[in-house]
Amino acid sequence: MSRDGRKQNKQNFQGDIEPQAKLNQTYIILMAVSGTLAAVAFLTNSIPILIGSMVIAPVMPPLILIAIGIANKQFNSVVKGFMIVTVGLIIALFCTMVTTWLLLITGINPNLILSQMLTERVTTGWYSVVAAFAAGTAGAIAVSHNKQDTLVGVVASIALVPTVAGAGIAAITGDWESVKGGLVMLAINTGMIVFMGFIVFNFFSENDR
Numbered sequence: 285m286s287r288d289g290r291k292q293n294k295q296n297f298q299g300d301i302e303p304q305a306k307l308n309q310t311y312i313i314l315m316a317v318s319g320t321l322a323a324v325a326f327l328t329n330s331i332p333i334l335i336g337s338m339v340i341a342p343v344m345p346p347l348i349l350i351a352i353g354i355a356n357k358q359f360n361s362v363v364k365g366f367m368i369v370t371v372g373l374i375i376a377l378f379c380t381m382v383t384t385w386l387l388l389i390t391g392i393n394p395n396l397i398l399s400q401m402l403t404e405r406v407t408t409g410w411y412s413v414v415a416a417f418a419a420g421t422a423g424a425i426a427v428s429h430n431k432q433d434t435l436v437g438v439v440a441s442i443a444l445v446p447t448v449a450g451a452g453i454a455a456i457t458g459d460w461e462s463v464k465g466g467l468v469m470l471a472i473n474t475g476m477i478v479f480m481g482f483i484v485f486n487f488f489s490e491n492d493r
């Protein structure tokens with residue numbers, strides 16, 4: 285494909301992604317519910333609930349908008365995507381901490397202990413880089429090609445909200461080392477997703493939809 289054709293495809297992809305990345309009421313509610321579910325999942329050690337919190341979190345489109353914005357040198361889109369992701373994760377973090385606090389003071393869960401499932405979400409390692417690498421590549425393809433079935437799996441893989449939730453719960457317990465680990469893992473995931481999205485859009489933007 286010619287350079288002009290590839291450039292046009294990147295612009296087309298950005299046009300497809302822009303409507304999916306919105307800071308609206310639906311996005312805010314889903315991120316809030318996602319954070320709440322993540323808190324319940326960690327406090328009850330429930331994998332199904334944790335998966336649910338990951339699936340409903342609509343953070344992939346704004347992340348991919350950052351990547352395609354960089355590829356197209358449309359930095360207003362980069363700022364827009366970054367703002368949406370940041371606001372969404374802050375909302376999820378707030379709801380996680382509020383839910384955890386309420387369950388503590390009401391005595392529903394009086395003994396807050398960091399479970400192994402939570403610890404895994406705030407412990408960094410090379411597996412985090414590999415997972416984020418795969419998620420970023422698949423995410424760029426899934427969002428730009430409207431493959432929502434694939435997108436669900438991608439969201440479950442990157443686990444941005446559970447990582448933020450894990451850091452929030454760790455903060456309530458005073459485990460600042462785990463908080464640091466969660467934030468580092470979040471940075472690795474988001475950075476790799478954006479980077480791989482940029483690579484996919486910039487060098488493999490074939491219009492095969």
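Our numbering puts the first residue of the sequence shown at 285, with every later residue one more than the last.
Each residue gets a CB set at the ideal place from its N, CA and C atoms; glycine is no exception.
Does the beta carbon of residue i sit closer than 8 Å to a beta carbon anywhere in chain C?
i    : result
V363 : The structure shown has no chain C; it contains just one protein chain.
In this structure, does DSSP put residue i in helix, strand or coil?
i    : result
K464 : helix
R493 : The pLDDT assigned to R493 is 48, lower than 50, so where the model puts this residue is not dependable, and the model offers no usable value.
P342 : coil
T408 : coil
A305 : coil
I483 : helix
T447 : helix
D459 : coil
S318 : helix
N296 : helix
N329 : coil
G423 : helix
I312 : helix
I392 : coil
A415 : helix
Compare the C-alpha of residue i against each of the options and name the closest.
i    : options                : result
M469 : A322, T447, K357       : T447
I312 : A455, T408, P342       : P342
G465 : V363, A419, T407, G391 : T407
N308 : M367, A419, L321, F487 : M367
E302 : L347, T370, W460       : L347
A416 : I331, L334, V339, V478 : V478
I425 : Q358, T328, P345, S330 : P345
G475 : I335, G420, N360       : G420
S399 : Q304, D459, V484, L327 : L327
L334 : G409, A418, V414, L402 : L402
S412 : L467, I350, T370, G372 : L467
T310 : G372, L349, D300       : G372
D300 : L349, K364, S330       : L349
I352 : N473, L444, Q295       : Q295
Spatial neighbours of residue i within its chain, please: C-beta separation below 6 Å, excluding the five flanking residues on both sides.
i    : result
T384 : A323, I453, I456
C379 : A316, G319, T320
L314 : I340, P342
R405 : P446, T447, G450
Q304 : P345
With a CB to CB cut of under 8 Å and the five nearest residues on each side skipped, what residues in its chain are close to residue i?
i    : result
L377 : G319, V448, A449, A451, G452
Near residue i, which residues of its chain fall below 7 Å by C-beta distance, leaving aside the five closest residues on each side in sequence?
i    : result
I354 : V362, F482
N486 : A355
Self-check item: beta strand (DSSP E) runs contained entirely in the region 335-383, provided each spans 3 or more residues
Solution: The region 335-383 contains no whole beta strand (DSSP E) run of 3 or more residues.
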